[in-house]
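I have placed the structure first, in the form of structure tokens, so that the comments after it can refer back to it.
Protein chains in written order, with the numbering used here: chain A, 191 to 672; chain B, 191 to 672; chain C, 191 to 672; chain D, 191 to 672.
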């Protein structure tokens, strides 16, 4: 049964039984809770895309392990074509949901562990790769979602893991047993945490020789004893509680992140994929970072498509779509959006095989892609706000449109170009608000800065990967110094 | 009694009795309603500033009409020093409230009408100026707040007022009586509308000869028959309804805008300041725009101060304040913030007297100031988010900190650099969220784009004021063509 | 003999006998004239690259016409791999020469005419494609260089070709004979004009029905009767006349453009590839533009590599290479440089076949690539100047280093980090001057703005290719309007 | 005789007799040497401005020492009005010359030494201020120009002065005599060095306790024994040698910098203004930096005016001045230009008195002004090139216009909108080339980056002056933490 349906996913999630808190309340069913439901539905679209005829070819592929059809979100990429298809699938998901749909971090983590467990084994004569392949087969066959858990709380960031006063500020092994290990710590802003089946945990940074306890990678089910999820807040999140819910802007979808606490969680040996090989933590992080930084040139570009579309539509509704400066700004938005996408595609095109046979993207271009993503959506959002107008933050509630006493006023004075168009115009404006100032902005803006590592992380990697030597050699030759 | 106290303002507002709707509900008392209260409190700070010893000199001055001490928010500026002091007062208000405090549009409108009624009289032999001076005296003596009402709904923006299908899309005179006029229409995104005493209404654009009905300026009390206020939504506005309210970020203050409907409102003759002089509408708009565009180099810079302060404090709480890239980004934020302020001050320094004796700012520099304000806060906000980190949009509720089951986890894993500092750190992060993605962003970002006219309006004015002739003459001489 | 050597090219060019003027002087031998020699040498590197073992695979390929090995600069691309290889070859040429090497416009024009003559034939039942294939075979077999001649003088740019007072402001057919046509007009800023064997002339814009005379494409040899070349000036061009020539910065290479006048030039029928099909001029221009705009993400990126290398080397020579801000700026330069390259590669990756079988790049991404090229090199240049320091424009001549009276002063005070390093440092600084303010800047900056069409041309194309419909549909669905 | 005429200045300079080398040649008369003449003429305009009736009020003022009329370029500013007038005068000079006119660094240095010698005396009980006042009186009475000499070669920039292998890399006292001191070292990129009467030498950085030898400030005449000037190169400098000289673009003016070598130069005691007070070097540098960084918001803005004027004029000549994107770009250029100016004016407006009574500008705003100057001219230049078109770097020589064989071609095909307008258009294009890629760019671009300190110096000062404490306090209060 490799391909699960959207409804099977939703039903399974309802019965999952993991320990979730949302704004101080224990939540039984994350599917129907109004705050988490949009994130669940966004994730569910990854199943839906695999089922619909127009997108099936993009969302499914063949397992290199079993030869069976699988969801591409569980696929180990084995060529630059695979890397390209992933980017295109992520853009399509962004267009469908205008949200973080949360399944790509797990995908990128699967690909990372596939490559890196192989490399650890070669260097340390361990057996992680076979374990991981067995685990991967389980994921593919069950069409399961593993949430990638990477970022630690970090405590005092000027100190390394072993230097922290509270040593739990980085997740670590606190006990080694014959049949497995016990881990303690927490992972922050875990995307899709509360609506995934599995947690796939990896280190968050390069580690020193004396930090072996922190060099740990493993998987546990979301229901593992000792695991607690605390859902994070997003701008305007409580609009989801309003009846009607139209003011939420994006009426179906959203993203979510959570704090995931590991309070002395036992991990059986077969689910441990790294344990003590601190020399390989840096490699693992960089491999994941490259994959995931390229991903942002897919998903955020898809969200950008929606934002551009909403902005173009609202320009029409206001009668300004022919104005030269509006056309110029729309073209600029497209320009910036495609710039991110182009570099992501290039990172895939220049992908190379790892020792395991799995492909990884060109790390320099992947970092360049992501550094653009930390900047350009802010400019796109600014231009969207420019065109949408001040009503973005001054418009009454959509509910007011039907109000006995003021409904007629609202309809009349928010009609825009066409009488009777107030509903369309107001909804579009709310969608733009969602993406630029609301729950969508959590994903489109802030996550674009910090997801897959902050700008400074990309700057450092670009500096390291820049290969200045040959560039200097060219310069020395041309100026006659050599 | 020219100087009202903060409490007198609040008490008076409670009893005002105007017709206000907030999210589909008729509201009796805007002071205690949790959604509107922050805006009321921000406005109230303009009275408080005039009362406190350290700020009294900045917030008060002497009426040129009566010689009595008045709040500077009701003062007609009579020198470049006055213009400069206004900018400095607005910055101080921004620092106090990190919000739109709503009283400057009225101030700028008073100054505009003072100058322009004088000029209309000179051209049309009318008597508006004397009427307006009488009105102004009332405002100064009562220490009252008039909300400036300028922006019309505009309907199809590719059409001028007279071309609209629904002629009410621009507010207009629908009846002329012996004792006054009757007006119909609406004004959009009126800042401080629901917590002002008066409405000061002016046209929104230059008008043609055949658009005399739209060339109307007047004042009515907020309680005038036929006037209805519909409060606008802002990002995360409903967090104000939560008990505790800590997640709102800015625990005291906020801004507000409203739709103000004029459903056949009668205006007595003595409160009419322009009626039919369509040739002067453009001058009025440009005069107001210059004053108000310069204002943005005060208020938004003050909000920027708070955002920079919050970002610097959160950097310390996370142990990253010594990192070179963090210091560089903080310096960049200061640089951008002061750039806006510097140009605003320069527009005041180069201010000139109008025929009425009141001063107006240099219009070119005022427009340059505002065009920078439509851009630079977005970059400052991006840098703030960069330094604050992903927790900006993934952090649990502050209420979770005290939760029986998860409180300890939250305290432990959001402590940052110091054990026990989680409360401080989380509050700072919520404040940054407020200013960059929450209700504060409505003011700091979107209003920075659209308030006092959209970027394109500034571009057009800069093009018109650029005085290219002498520049071309310099060029022709230097290249030897002349 | 499809592969010519560098020396064969130089020898042939010496004897070519075309009519060339450089700064008011008729020039017999463009190879040895100090002003034109660097451009000749840069072009010659396209032959050299095909001969050297390390680059042969990149610079040569197999003719799809003859199966013989040819220079890739004469190849019709028949797959996305071909498109990608072209971009990589152009980057390599940029690294070798830090100049415009002038052969890519001809290449892009060959590919355009191959595709478009096929399409004209299909629509107009003409026979241009076969003629063009015969011509192409000649180019490939002779390893000849055709200079693409596109841009007309345009006269009053607010008027279309047929509206000009001087109808010659756009090149046109002035006579149709049995055996061919006679053309009159001029082409501006023709890259590599004076050191190419052939001129390949095409229209510069979409044309109206009544502008058939302007719808003309053809080839003539550089020696055709009536053809005159007037070489253009570049910043610091006369430094090439100085003995020593070290102050030129780039000691070997440069670019060149020329005015090419067609004073009633006869073109035999077999060399006419379009004549009167005004409906196809727009298609031809857009096809060329897409190819050529993508090219800029190769060549300018290669020049950027040299500039980055020179900057890194000079930072070392000054002892500032470890400073955090210098490392950050170098990483930023790499980031911007790779952004351009990534989008170019993506335009190749998403290339599609034309009806002729030849491939063309994705036009949206090609335009996005070029629009970035009109901006980012200016920022890279600014950062290079920032790191290089003020000596860029205040440093004495390199010749002063050996001067009897002041040589020791210069050596001592420009040594930088290491005694005796003044020569290296001064040469590097001159190279940076060359690329950012000298002859190299003509190519790296100004040509980056205008080559292959000005920014506004890209903006218009991006607006046209943006495909807003599906984007709007996504938005309407997500906001609940559909 | 406090006010010298332009001609008196030129005559005096011819007879000065200092030791100058230009490109390896000893030069007797810098007034008539074609390379240095434009710089001399630009400097001479500071005298001319004081003589012309329209500008006399701006260029002259009253000496606070003698009460006599003096050139404002020798004035000690004693109020914010003086600070403002200086900025306005510099802008006017920029408009007159489109060049660095070289006299402001000396002016800023005079004001600095006036303030700082007073402060040194107070701390160290020295007598520098009286000496300096005597010197200043001489400058004012003779209407003399002192060139400020600040920047040392610096050798290995990762090392402080005392750590350098070659200790002469920072200018220092090598001998202390009864009647004065002997100094050795060099100063780099000294603006106006070869055409000033005096050299005013100051340290280039804060110094440590053990670096007293470097803490030296003094004045010597340009003719002092041991002083040698080596003129620096600029882009396209040798176009000045061409007959006709039209291709130089700016037909009259230019700037210049030089290496000034002090080879054991004796300074009599009365001309020593600091000697050993290393604790005050930092204060001196910061005071000068603030004055001079504000100056850039005058002079470069004036050059920007000319560039904008040339661009607007060439747009007309090409028939594109009505195009929406051209108008938008011109408005953007004005916007950026006025942004720099506004912040400079604000730094003057917020100026404060030093202990000496002389005023200094607000240092935060002065640094913000300069940091903008390191960026915005590059964007203005890019936009100018965008509008001017590719002919900027492909156009034949202006001399070709009159050439017997090709003159008619050039006239016809560079006519632009109007027949016969080719001369005007070509000259304008050459002027734009001059300012963005030629000798003018040395001043408008590179010097904008590095003059008065590099961007990083401004970043550091902004960080230091940012006053984060009160900003943090605002934030803590508003988020409820205090």
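Heads up, the beta-carbon is just placed ideally off N, CA and C, and yes, glycines get one too.
Quantities reported herein were computed from a predicted structural model and do not represent experimental measurements.
Distance from residue 626 of chain C to residue 575 of chain C at the Cβ level is roughly 6 angstroms; contact confirmed, criterion being Cβ atoms closer than 8 angstroms. Look at residue 442 of chain B: its C-beta is under 8 angstroms from a C-beta on chain D.
Within chain D, the C-beta atoms nearer than 7 angstroms to that of residue 529 of chain B come from 529, 533, 558 and 562, in chain order.
Interface annotation for the region 495-525 of chain B against chain C: 514, 515 and 518, criterion Cβ-Cβ distance under 8 angstroms. With a contact defined as Cβ atoms closer than 8 angstroms, residue 599 of chain A and residue 451 of chain B qualify at about 5 angstroms. The criterion of a C-beta distance shorter than 8 angstroms is satisfied by residue 629 of chain A and residue 424 of chain A. Setting aside the 5 residues that flank it on each side, residue 641 of chain D is surrounded in the same chain by 486, each with a C-beta closer than 7 angstroms to its C-beta; the list follows chain order.
Contact annotation: residue 318 of chain C and residue 464 of chain C have beta-carbon atoms nearer than 8 angstroms.
In the three-state reduction of the DSSP assignment, residue 511 of chain C falls in the coil class.
Under the 8 angstroms Cβ criterion, the region 392-412 of chain C does not count as touching the region 654-672 of chain C, having fewer than three qualifying pairs.
For residue 332 of chain A, no Cβ of chain C is located within less than 8 angstroms of the residue's own Cβ. Residue 585 of chain B reaches chain A at 422 and 423, counting residues in chain order whose Cβ is nearer than 7 angstroms. Closer than 8 angstroms to the CB of residue 418 of chain D there is at least one CB belonging to chain C. In this structure residue 595 of chain C is exposed. Its beta-carbon is surrounded by fewer than 16 other beta-carbon atoms within 10 angstroms. With a threshold of 16 other beta carbon atoms within 10 Å, residue 307 of chain D meets it and is buried.
With a cut-off of 8 angstroms on Cβ pairs, the region 581-595 of chain B is in contact with the region 437-450 of chain A, counting three or more such pairs. For residue 339 of chain C, DSSP records a beta bridge to C:391. With its beta carbon at least 8 angstroms from every one in chain B, residue 282 of chain A lies outside the interface. Under the rule that a run must span 3 or more residues, the beta strand (DSSP E) segments found entirely inside the region 366-440 of chain B read 370-381, 388-391, 406-411 and 417-421. For residue 232 of chain D, the uninterrupted alpha helix (DSSP H) segment begins and ends at 227-241. The beta carbon of residue 471 of chain C sits closer than 6 angstroms to those of 393, 396, 397 and 405, all from its chain and outside the five residues before and after it, given in chain order. Counting C-beta atoms within 10 angstroms of its own C-beta, residue 377 of chain C has 16 or more neighbours from the protein chains shown and is therefore classed as buried.
CA-to-CA, the gap between residue 631 of chain B and residue 295 of chain B works out to about 19 angstroms.
Using a Cβ-Cβ cut-off of 8 angstroms, residue 345 of chain C counts as an interface residue toward chain D, since at least one Cβ of chain D sits closer than that to its own.
Here residue 605 of chain A has 611, 612 and 615 as same chain residues with Cβ atoms under 8 angstroms from its own Cβ, once five neighbours each way along the sequence are excluded.
Comparing alpha carbon positions, the residue from A:580, A:482 and A:416 closest to residue 454 of chain A is A:416. Between the alpha carbons of residue 523 of chain A and residue 196 of chain A lies a distance of about 33 angstroms. For a Cβ distance threshold of 7 angstroms, nothing in chain C lies close to residue 430 of chain A: the least Cβ distance comes to about 14 angstroms.
Here residue 240 of chain B has 193, 246, 249, 250 and 261 as same chain residues with Cβ atoms under 7 angstroms from its own Cβ, once five neighbours each way along the sequence are excluded. For the region 209-243 of chain D, the beta-carbon criterion of a distance under 8 angstroms to any beta-carbon of chain C is satisfied by 211, 213, 214 and 216. Against chain B, the CB of residue 310 of chain D has no partner CB under 8 angstroms away; the residue lies outside that interface.
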